[in-house]
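A.B. asks: Pasting a structure below so you can have a look.
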Amino acid sequence: MTFIEELRWRGMIQDVSPGLEELLSKEVVTAYIGYDPTSDSLHIGNLASIMLLVHLQRTGHKPIALVGGATGMVGDPSGKSEERNLLDENVLRYNQECIRKQLEQFLDFEKPGNPAEMVNNYDWTRDFGFLQFLREIGKHITVNYMVAKDSVKKRMESGSGISFTEFCYQLLQGYDFCWLYEHKKCKLQMGGSDQWGNILTGTELIRRKLGGEGYALTCPLITKSDGGKFGKTEAGNVWLDPKKTSPYRFYQFWLNTSDADAAEYIKKFTLLTREEVDEVTRQHVEAPHLRVLQKLLARDLTIRVHSEEDYFSAFEASEILFGKGTTETLKKLSEETLLSVFEGVPQSEVAKSEIAKSINIVDFLTEKTQIFPSKGEARRMLKDGGVALNKEKVTEDFTVTSDHLLREKYLLIQKGKKNYYLVKAM
Numbered sequence: 078m079t080f081i082e083e084l085r086w087r088g089m090i091q092d093v094s095p096g097l098e099e100l101l102s103k104e105v106v107t108a109y110i111g112y113d114p115t116s117d118s119l120h121i122g123n124l125a126s127i128m129l130l131v132h133l134q135r136t137g138h139k140p141i142a143l144v145g146g147a148t149g150m151v152g153d154p155s156g157k158s159e160e161r162n163l164l165d166e167n168v169l170r171y172n173q174e175c176i177r178k179q180l181e182q183f184l185d186f187e188k189p190g191n192p193a194e195m196v197n198n199y200d201w202t203r204d205f206g207f208l209q210f211l212r213e214i215g216k217h218i219t220v221n222y223m224v225a226k227d228s229v230k231k232r233m234e235s236g237s238g239i240s241f242t243e244f245c246y247q248l249l250q251g252y253d254f255c256w257l258y259e260h261k262k263c264k265l266q267m268g269g270s271d272q273w274g275n276i277l278t279g280t281e282l283i284r285r286k287l288g289g290e291g292y293a294l295t296c297p298l299i300t301k302s303d304g305g306k307f308g309k310t311e312a313g314n315v316w317l318d319p320k321k322t323s324p325y326r327f328y329q330f331w332l333n334t335s336d337a338d339a340a341e342y343i344k345k346f347t348l349l350t351r352e353e354v355d356e357v358t359r360q361h362v363e364a365p366h367l368r369v370l371q372k373l374l375a376r377d378l379t380i381r382v383h384s385e386e387d388y389f390s391a392f393e394a395s396e397i398l399f400g401k402g403t404t405e406t407l408k409k410l411s412e413e414t415l416l417s418v419f420e421g422v423p424q425s426e427v428a429k430s431e432i433a434k435s436i437n438i439v440d441f442l443t444e445k446t447q448i449f450p451s452k453g454e455a456r457r458m459l460k461d462g463g464v465a466l467n468k469e470k471v472t473e474d475f476t477v478t479s480d481h482l483l484r485e486k487y488l489l490i491q492k493g494k495k496n497y498y499l500v501k502a503m
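Taking the working numbering, the leading residue of the sequence shown gets 78, the next gets one more, and so forth.
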């Protein structure tokens, strides 16, 4: 398939400039997408734009990832109700390197013929004086044109208004496209549908300043079928950085998507062919309880964003909650994953010195942790095989020792099939 055909069947085209499809069929086109460097990590809200670059490179064209070191110092008003905090150059440079490492999981920066490239717009704007900017850029775009943009109108009509700094953002982004057109032969800018107005400012500047023709392509903003915001959880953004969102939580996010959302995400966020997507969708429809789409989606993205090892660790951790895990599986979990898996379960603390002395399981379950209200009830359930320590069933003559500690500080008690308790030895 061509680039446009690939995006079209995946539902990843919102708006596209006339003539772009013909241009792509004639030559290798360089295209770019801008990324906000105000954080040291991208999040899954960036995945759609990343996949645009992935498909672009796979169909023989050249992708450029632009990190907005300059525009990040100003702030894009699109979709924002308030002006963002401004960051200094050192922080932005650090964030740029972190973002590059994440993009290397998706793009080939060494590919012969059309390697991916990363640029920072701070490099060509830091020495561009204000008067020079007004003369060379500002004179080409009218205030009427700028005020007509939806992002500007909404902010002007809001109670907070818009600063001159943010008002000029579209000129800075337009200048990026113009600079890349002139110095990198970049003819296409892509982004989410909320960026259409800013991208057109770039094509207008290319036309007026250079007499050239730039093109624009946007993809729909990703939404959830229930109307909720994609990529947000109660804990906030789902990040690509494992320090911000653990591989287990990342895996769980995709595993818990609805059937309707999974059917869309499998097209937009994986590289499965149309035939493969049709087949896995058929399997899912025939046996929805098996959650084939969600499992494949979670596996694919966890491996690509993190690693195969992280995927298997997350998978095994998930199995624990459904009674399929073993003591050995439990012992392999990192502390972070262990706490993620059992987040929300009742927790209690015991003195590590008490465990070092050895504690009878009945006393441990009652006097030390109050998991059972009475010794009689604890003994009855132990006798019936309804209590497990670290996924192994125990009897009333069992003794808890420091050898049973997970990561030298945790004990997992299972009461019945579904009731878990996490005990921390302090």
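Here a beta-carbon is modelled for each residue, glycine too, at the ideal position from N, C-alpha and C.
(1) Do the segment 349 to 361 and the segment 369 to 376 meet, that is, are 3 or more Cβ pairs less than 8 Å apart?
(2) Using the C-alpha atoms, what's the distance from Lys103 back to Lys139?
(3) With a threshold of 7 Å, establish whether the CB of Gly288 neighbours any heavy atom of the ligand NAD.
(4) Is the beta carbon of Leu101 less than 8 Å from the beta carbon of Ile127?
(5) Would you call Thr347 buried or exposed, if buried means 16 or more other Cβ atoms sit within 10 Å of its Cβ?
(6) Run through DSSP, which three-state label would Asn467 get?
(7) Answer yes or no: do Tyr112 and Asn123 have a C-beta to C-beta separation smaller than 8 Å?
(8) Would Gln182 and Arg381 be called neighbours here (beta carbons separated by less than 8 Å)?
(9) Going by DSSP, name the residue or residues bridged to Ile110.
(10) Thinking C-alpha only, which one of Ile276, Glu363, Val168, Asp387 is nearest Leu324?
(11) By Cβ distance, which residues of its chain are closer than 7 Å to Asp227, with the 5 residues on each side in sequence left out?
(12) Scan the segment 385 to 447 and note each continuous alpha helix (DSSP H) run of 4 residues or more that stays entirely inside, going in chain order.
(13) Which whole-angstrom value is the C-beta distance of Val383 and Phe475, which I expect to be below 8 Å?
(14) If I measure Cβ to Cβ from Ser158 and keep anything under 6 Å in the same chain, skipping five residues before and after, which residues do I get?
(15) With a floor of 4 residues, list each alpha helix (DSSP H) that falls wholly inside the segment 320 to 359, ordered by position along the chain.
(16) DSSP three-state call for Asp461: helix, strand or coil?
(17) In angstroms, rounded to a whole number, what distance separates the CA positions of Leu332 and Ala375?
(18) When the Cβ atoms of the segment 438 to 449 are set against those of the segment 401 to 415, are three or more pairs found closer than 8 Å?
(19) Determine the contact status of Gln247 and Thr278, defining contact as a CB-CB distance below 8 Å.
(20) Quick check on the burial criterion: 16 or more other C-beta atoms within 10 angstroms. Buried or exposed for Gly96?
(21) If we ignore side chains and look at the alpha-carbon of each, how far apart do Asp117 and Val105 end up?
(22) Please classify Ser302 as buried or exposed, where buried requires at least 16 neighbouring CB atoms within 10 angstroms.
(23) What ranges does the alpha helix (DSSP H) occupy inside the segment 250 to 312, keeping only unbroken runs of at least 4 residues that lie completely in it?
(24) Near Met377, which residues of its chain fall below 7 Å by C-beta distance, leaving aside the five closest residues on each side in sequence?
(25) Relative to the C-alpha of Leu317, which candidate in Gln447, Leu180, Trp86 has its C-alpha closest?
(26) Name the residue from Ser240, Leu294, Ser417 whose alpha carbon lies nearest to the alpha carbon of Gln266.
(27) Can you find the residues in the same chain that come closer than 7 Å, C-beta to C-beta, to Arg87, ignoring five residues on each side of it along the sequence?
(28) Taking C-alpha atoms, which residue in Leu499, Gly463, His481 lies nearest to Gln424?
(29) So what's Val224 in DSSP terms, helix, strand or just coil?
(30) Assuming the contact rule is C-beta atoms closer than 8 Å, Thr414 and Leu249 should be a hit. Round their C-beta distance to whole Å, please.
(31) Decide if the segment 186 to 206 is in contact with the segment 234 to 241; the criterion is three or more beta carbon pairs, one per stretch, under 8 Å apart.
(32) Under a three-way DSSP split, which group does Glu159 fall into?
(33) Using only alpha-carbon positions, find the residue among Thr79, Glu385, Asp480, Ser417 that is nearest to Ala502.
(34) For Trp571, write down the residues that DSSP places opposite it in a beta bridge.
(35) Helix, strand or coil: how does DSSP classify Lys486 here?
(36) Drop a sphere of 10 angstroms on the beta-carbon of Glu412, count the other beta-carbons inside from all chains shown, and report buried for 16 or more, exposed for fewer.
C.D. replies: Looking at the atomic coordinates:
(1) For the pair of segments examined, the segment 349 to 361 was found to touch the segment 369 to 376: the number of CB pairs separated by less than 8 Å reaches three.
(2) Rounded to whole angstroms, the gap between the alpha carbons of Lys139 and Lys103 is 14 Å.
(3) Among the ligands in the structure shown, none appear at all, so the ligand NAD cannot be discussed.
(4) Going by C-beta atoms, Leu101 is not nearer than 8 Å to Ile127.
(5) Label assigned to Thr347: buried.
(6) Annotated three-state conformation of Asn467 is coil, per DSSP.
(7) Yes. Within cutoff.
(8) Yes.
(9) Ile110 is bridged by DSSP to Ala142.
(10) Residue identity differs from the one stated: residue 324 is Pro in this sequence, not Leu. The shortest Cα separation from Pro324 among Ile276, Glu363, Val168, Asp387 belongs to Asp387.
(11) Gly274, listed in sequence order.
(12) Listed in chain order, the complete alpha helix (DSSP H) runs (minimum 4 residues) inside the segment 385 to 447 are 385 to 398, 404 to 409, 412 to 418, 429 to 433.
(13) A small fix is needed here, since residue 383 is His in this sequence, not Val. With 8 Å as the limit, His383 and Phe475 do not qualify as a contact, their Cβ atoms being about 37 Å apart.
(14) Only weak support is given to the placement of Ser158: the predicted model assigns it a pLDDT of 44, under 50, and the value that follows is read from those uncertain coordinates. None.
(15) As far as the segment 320 to 359 is concerned, its whole alpha helix (DSSP H) runs of at least 4 residues are 324 to 332, 336 to 346.
(16) Reduced to three states, the DSSP call for Asp461 is coil.
(17) Answer to the nearest angstrom: the Cα atoms are 5 Å apart.
(18) Between the segment 438 to 449 and the segment 401 to 415 there are fewer than three inter-stretch CB-CB distances shorter than 8 Å, so the stretches are not counted as touching.
(19) Closer than 8 Å, so yes.
(20) Exposed: under 16 other Cβ atoms inside 10 Å.
(21) Cα to Cα, Asp117 sits roughly 32 Å from Val105.
(22) By the neighbour-count definition (other C-beta atoms within 10 Å, threshold 16), Ser302 is an exposed residue.
(23) Listed in chain order, they are 273 to 282.
(24) For the record, residue 377 in the displayed sequence is Asp; it is not Met. Take Asp377, set aside five residues on each side of it, and the residues of its chain with a beta-carbon closer than 7 Å to its own are Thr347, in chain order.
(25) Comparing Cα positions, the closest option is Leu180.
(26) When only C-alpha atoms are compared, the closest one is Leu294.
(27) Counting only Cβ-Cβ distances below 7 Å, and skipping sequence neighbours, we find Lys344, Lys345.
(28) Among Leu499, Gly463, His481, the Cα nearest to that of Gln424 belongs to Leu499.
(29) Secondary structure of Val224 (DSSP, three-state): helix.
(30) Taking a contact as a CB-CB distance under 8 Å, the pair Thr414 and Leu249 does not count as one, their CB atoms being some 42 Å apart.
(31) The segment 186 to 206 is not in contact with the segment 234 to 241.
(32) In this predicted model, Glu159 has a pLDDT of only 49, less than 50, meaning its place in the structure is not dependable; the value taken from the coordinates is given anyway. When secondary structure is reduced to three states using DSSP, Glu159 falls in the coil class, being assigned neither helix nor strand.
(33) For Ala502, the nearest C-alpha among the options comes from Asp480.
(34) Any answer about residue 571 is impossible in this case: the structure gives the chain only from 78 up to 503.
(35) If DSSP states are grouped into helix, strand and coil, Lys486 belongs with coil.
(36) By the neighbour-count criterion, in which 16 or more other beta carbons inside 10 Å mark a residue as buried, Glu412 falls on the exposed side.
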